[in-house]
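By the count of this note's numbering, the sequence shown reaches residue 459 at its end, each step adding exactly one. Structure, as structure tokens:
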Amino acid sequence: QESEEQVNAINQRLRDDGFQVAMPQRHHAWTFYFEAPGGFTIEVLT
């Protein structure tokens, strides 16, 4: 994503849709992971 705000918006949208998503954190980028249907781990980052 192009900005932290976009990462935050995606994170909130997933939470609103019922996904168990950790809050974004600063690691190598502003990022969070979640498990998608089918067992795939997805990373969303700036």
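Ideal placement from N, C-alpha and C gives every residue a C-beta, glycine not left out.
Pairwise C-alpha distance: residue j and residue i
{"i": "Gln425", "j": "Thr454", "result": "17 Å"}
{"i": "Asp429", "j": "Gly451", "result": "20 Å"}
Contacting residues, own chain, Cβ-Cβ under 8 Å from residue i (five flanking each side not counted)
{"i": "Phe447", "result": "Leu427, Phe432, Gln433, Val434, Ala435, Thr454, Ile455, Val457"}
{"i": "Ile423", "result": "Gln414, Val457"}
{"i": "Glu417", "result": "Pro437, Trp443, Thr459"}
Neighbourhood of residue i by C-beta, 7 Å cutoff - its chain only, sequence neighbours within 5 removed
{"i": "Ala449", "result": "Ile455"}
{"i": "Asn421", "result": "Pro437"}
CB contact below 7 Å: residue i versus chain C
{"i": "His441", "result": "Absent here is chain C; the protein component of the structure consists of one chain."}
In DSSP terms, what residue i is bridged to
{"i": "Glu456", "result": "Tyr446"}
{"i": "Gln438", "result": "Thr444"}
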